[in-house]
Ligand SMILES: NC(=O)C1=CN([C@@H]2O[C@H](COP(=O)(O)OP(=O)(O)OC[C@H]3O[C@@H](n4cnc5c(N)ncnc54)[C@H](O)[C@@H]3O)[C@@H](O)[C@H]2O)C=CC1
Ligand SMILES: O=C(O)C(=O)COP(=O)(O)O
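In the UniProt record's numbering, the protein residues as written are 1 to 598.
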């Protein structure tokens with residue numbers, strides 16, 4: 001969606017149901033909204049924040065089978081298109097008509113998908129945990145939020161891990177196939193016991209810890225490796241966290257439960273298999289890519305790995321795979337999350353997250369955007385509006401042709417630095433700085449990326465004030481350095497364009513321009529004039545505007561000293577014509593003036 005200088009901001013504060021929204025004149029059917037409290041709420045107490053362009057009734061494409069309860073929930077809010085087994089080309093064609101896309105692990109949401117969406121796609125919902133099938137960088141670059149459903153299938157995946165562990169140890173799959181083939185091979189399928197054996201859980205997250213808990217119930221000695229897991233959580237269920245090498249060297253069984261990332265890609269390979277106990281048994285319900293599959297075949301052939309039980313594969317479904325055909329391998333077709341209960345749970349979890357996001361809330365399961373707790377959001381709301389407006393004002397003060405590269409934002413606050421999360425404010429300042437001068441659509445997801453891409457450096461500074469930390473901020477100051485200004489009085493003594501604002505009675509105010517103190521509510525538009533301080537100036541400007549029926553909402557004069565220079569800031573509800581602005585400029589005492597749309 002294109003943004004424009006004609007963007008207006010509607011700021012409504014109803015006592016019990018506050019909301020804050022952005023509306024673009026370019027697309028009357030769409031709106032960006034920020035809501036601390038929203039009409040459609042999920043059952044969970046997730047933090048919420050709104051960042052999206054949303055149509056009257058959005059369209060959600062469900063590209064893989066989703067539990068009915070989730071589909072029904074989506075239908076209450078959106079037009080739902082359930083189209084399964086789309087080819088990549090079909091997906092790219094359909095996506096330009098969709099506001100949200102829901103997938104499981106079987107759909108690649110590639111860069112082409114985001115590019116093909118033409119900016120309409122605002123949310124990708126992953127109905128499950130692993131987001132390795134979604135190009136997150138491309139999503140972020142396109143301002144598209146990615147949410148997942150990280151909790152509803154945990155138990156199902158853990159149970160499947162245990163099912164594979166026990167089935168492998170007792171050759172269940174192979175024995176079943178042989179009985180069905182008319183054989184009765186009691187000696188061939190002698191298994192191994194689990195009790196007293198060491199299980200290394202690799203990745204001690206949600207699934208890993210549930211597997212550990214269950215394995216302890218089976219009498220196994222459980223160790224775990226996870227560089228990021230807290231030791232006390234492991235200790236609480238009687239599991240010792242150990243190094244990677246120690247885990248793989250001492251395990252009789254290894255169960256993989258980490259995400260597929262560049263760091264975990266092929267983490268089990270020829271070198272690491274060589275460090276394992278001969279006869280180790282491996283379970284993988286994480287991602288196929290964490291194992292070098294060719295190396296696993298070699299390790300199985302060499303007897304280093306006695307057996308493997310695999311639910312996931314590098315390519316799914318696997319094609320002509322020696323690994324799958326190996327007699328010591330038990331394979332399932334990515335069934336970890338496939339229980340009725342998990343699928344219903346996942347469907348509801350993802351539908352709530354997607355509806356919430358489309359409805360203007362940021363789900364707690366956002367993968368590529370910061371989460372702002374509801375209470376923080378409601379406190380920051382007026383400052384969010386102030387931040388965007390200051391960015392918008394500052395950039396309009398830049399003389400044409402001066403590229404904006406370096407911006408310093410100073411937050412004046414009596415709160416301790418840890419008590420003020422500025423990501424949201426920074427994103428809104430970035431939005432204000434970029435949207436008036438480009439066709440970019442900036443939101444909380446893509447703000448930092450868009451700034452970086454445009455070579456815009458935003459440095460943040462805290463000015464720690466004495467006083468009551470009751471309100472999160474006293475002022476926000478935005479300075480743009482190394483540029484010329486079309487309104488020289490906006491330059492500070494050190495040569496930067498400087499605007500500063502505060503929130504007064506919940507309304508953003510402009511309180512400083514350059515070195516001049518002013519006080520004008522940031523609503524409508526503003527005319528800034530520098531003039532020789534003398535009687536009658538307000539009347540002269542006021543009468544030019546009144547001749548055109550332009551309503552003056554606020555007026556404030558800041559001066560250095562009586563009868564010297566003064567800055568007059570005039571808030572206007574309507575846009576004055578060029579002719580009347582010209583007449584203001586022709587008033588003899590007026591030295592310079594600028595008209596700014598907020
Ligand atoms: N087969 C299936 O159908 C299912 C597969 N999964 C997969 O299971 C895996 C785990 O899922 P959850 O437990 O829900 O995720 P999680 O995020 O709760 O846990 C992952 C853990 O891996 C750890 N980790 C990250 N890098 C690591 C490394 N280099 N070495 C060791 N540990 C590392 C993290 O610190 C985290 O504790 C994911 O890959 C997910 O996609 C999850 C559900 C179903
Ligand atoms: O949640 C996960 O990570 C899974 O692997 C589950 O995949 P699925 O949704 O069953 O395609």
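Even for Gly, the Cβ is constructed at its ideal location relative to N, Cα and C. Only a predicted model underlies this, so the values are computations on that prediction, with no experimental measurement involved.
Listed in chain order, the non-local C-beta contacts of residue 593 below 8 Å within the same chain comprise 487, 527, 528, 529, 530, 581, 584 and 585, local neighbours out to five positions each way being set aside. Taking the Cβ of residue 129 as the reference point, at least one heavy atom of ligand 2 falls within a distance shorter than 7 Å. Remark: the shortest separation between the CB of residue 334 and any heavy atom of ligand 2 falls under 7 Å. With a 10 Å radius around the Cβ and a threshold of 16 neighbouring Cβ atoms, residue 150 comes out buried.
Residue 215 has its Cβ no nearer than 7 Å to any heavy atom of ligand 1. Proximity of the beta carbon of residue 390 to ligand 1 is not indicated: no heavy atom of the ligand is located closer than 7 Å. Judged by DSSP in its simplified three-state form, residue 389 adopts helix.
Placement of the Cβ of residue 105 at a distance of less than 7 Å from at least one heavy atom of ligand 2 is found. Checking the 7 Å criterion, the Cβ of residue 337 is within range of a heavy atom belonging to ligand 2.
Within the same chain, 258 and 290 come within 7 Å of residue 264 by CB-CB distance, once the 5 residues on both sides are set aside.
Inclusion of residue 129 and residue 153 in the CB contact set at 8 Å is warranted, their separation being smaller than that value. For residue 507, same chain residues with a beta-carbon under 6 Å away, outside a window of 5 residues either side, are 521 in chain order. Annotated three-state conformation of residue 504 is strand, per DSSP.
Taking a cut-off of 8 Å on C-beta distances, the region 299–316 touches the region 326–336, as three or more cross pairs fall below it. In the DSSP annotation of this structure, residue 426 is not part of any beta strand (DSSP E); the continuous alpha helix (DSSP H) holding it starts and ends at 423–434. Non-local beta-carbon contacts of residue 310 in its own chain, meaning distances under 6 Å to residues more than five positions away in sequence, involve 284 and 331 in chain order. Between the beta-carbon of residue 514 and that of residue 490 there is about 5 Å, and that keeps the pair under the 8 Å contact cut. DSSP places residue 114 in the uninterrupted alpha helix (DSSP H) bounded by 111–116. The DSSP-derived three-state label of residue 107 is coil.
A residue is called buried once 16 or more other Cβ atoms fall within 10 Å of its Cβ, and residue 546, having fewer, is exposed. For residue 72, the secondary structure class from DSSP, reduced to helix, strand or coil, is helix. Runs of the alpha helix (DSSP H) spanning 4 or more residues and lying entirely within the region 243–275 occur at 244–250 and 270–274, in chain order.
With contacts defined as CB atoms closer than 8 Å, residue 156 and residue 403 fail to qualify as a contacting pair. With 16 or more other Cβ atoms from the protein chains shown falling within 10 Å of its own Cβ, residue 62 counts as buried.
When the Cα atoms are used, residue 405 and residue 516 turn out to be separated by approximately 24 Å. Beta-bridge partners of residue 462 (DSSP): 411.
As computed with DSSP, residue 125 is found in a beta bridge with 102 and 147.
In its chain, beyond the 5 residues on either side, 414 have a beta carbon closer than 6 Å to the beta carbon of residue 467.
Listed in chain order, the non-local C-beta contacts of residue 66 below 7 Å within the same chain comprise 102, 127 and 347, local neighbours out to five positions each way being set aside. When the five nearest sequence neighbours on each side are left out, the beta carbons in the same chain lying within less than 7 Å of the beta carbon of residue 170 are those of 191, in order along the chain. Counting every other CB atom within 10 Å of its CB across the protein chains shown gives residue 140 a total of 16 or more, marking it as buried.
Assignment of beta-bridge partners to residue 198 by DSSP yields 221. Set against 7 Å, the gap from the CB of residue 153 to the closest heavy atom of ligand 2 is smaller.
Inclusion of residue 287 in the 7 Å shell around ligand 1 follows from its C-beta lying nearer than that to a non-hydrogen atom of the ligand.
The region 365–376 and the region 184–200 do not touch, with fewer than 3 CB-CB distances between them shorter than 8 Å. The three-state reading of DSSP puts residue 305 in strand, counting E and B together.
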